[in-house]
Amino acid sequence: MIIVSDTQPVTSVLRELQLKRMHLAMVVDEFGAILGLVTLEDILEELVGDIRDEHDEQVDTELVEIAPGRYLVSAAMAVSDLSERLSVRFPEDGDYTTLGASSARAGKVPSVGTVVLWDSLRFVVREGDKRRATKVEVVRDPQRANQKSSAPDDDDD
28 MIIVSDTQPV TSVLRELQLK RMHLAMVVDE FGAILGLVTL EDILEELVGD
78 IRDEHDEQVD TELVEIAPGR YLVSAAMAVS DLSERLSVRF PEDGDYTTLG
128 ASSARAGKVP SVGTVVLWDS LRFVVREGDK RRATKVEVVR DPQRANQKSS
178 APDDDDD
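Per the working numbering, the sequence shown starts with residue 28, numbered consecutively.
Next comes the structure, spelled out in structure tokens:
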């Protein structure tokens, strides 16, 4: 198995995997602690985008409007895509997926039924297993939007 540093550039790891004809590398920190594994597919997807193959679960639509202002969203959907599709601005705090953002706000990995409020939106975990959520219902809450817009603006300090 190839061992790579967490600071090693992705192109260098790719080259090393290609030269040694390997598909998997162990990632370690400066103390030698194992941080995880990286695959050749992970690296290629970082460089060229998502690659669908026979091992990937068939993904249905990431965002489906089930009623006006109510959406069923894949927990793996990128927050940036959700922001764009719903025309809502989310704080840029390192969360990459809807599940990651919901987990950060809930303070834990949300289970089915968990409700997370986020500005004028309500996130309700609708599907998942013991380890992770897979579907999140996103509901626009006009009352929360009205409360937010009628609140005094404190940004003028």
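A virtual CB, placed ideally from N, CA and C, is assigned to each residue, including glycine.
As the structure is a prediction and not an experimental result, all values here were calculated from the model.
So, helix, strand or coil for residue i, using DSSP?
| i | result |
| --- | --- |
| Thr34 | coil |
| Ala160 | strand |
| Val139 | coil |
| Glu57 | coil |
| Asp168 | coil |
| Arg97 | strand |
| Ala103 | coil |
| Arg48 | coil |
State the CB to CB distance for the pair residue i and residue j, rounded to an integer number of angstroms; the pair is presumed to be in contact (CB under 8 Å).
| i | j | result |
| --- | --- | --- |
| Gly63 | Val75 | With a Cβ gap of about 21 Å, Gly63 and Val75 do not count as contacting. |
| Glu92 | Val100 | Their Cβ separation, rounded to whole angstroms, is 10 Å, which puts Glu92 and Val100 out of contact at 8 Å. |
| Phe150 | Val163 | 5 Å |
| Ala102 | Thr38 | Actually they do not touch by this definition, with Cβ atoms about 30 Å apart. |
How far does the beta strand (DSSP E) with residue i in it extend, from its first residue to its last?
| i | result |
| --- | --- |
| Arg116 | Element bounds for Arg116: n/a, residue is neither H nor E. |
| Glu92 | Leu90 to Ala94 |
Under DSSP, the alpha helix (DSSP H) around residue i begins and ends at which residues?
| i | result |
| --- | --- |
| Ser147 | Counting along the chain, Ser147 falls outside any alpha helix (DSSP H), and DSSP gives it neither H nor E. |
| Thr124 | Unbroken run through Thr124: none, as it is neither H nor E. |
| Asp69 | Leu67 to Val75 |
Does the segment 157-169 come close enough to the segment 141-148 to have 3 or more Cβ pairs within less than 8 Å?
Below 8 Å, enough C-beta pairs join the segment 157-169 and the segment 141-148 to call them touching: three or more.
Are the segment 31-46 and the segment 60-75 touching by the rule of at least three beta carbon pairs closer than 8 Å?
yes
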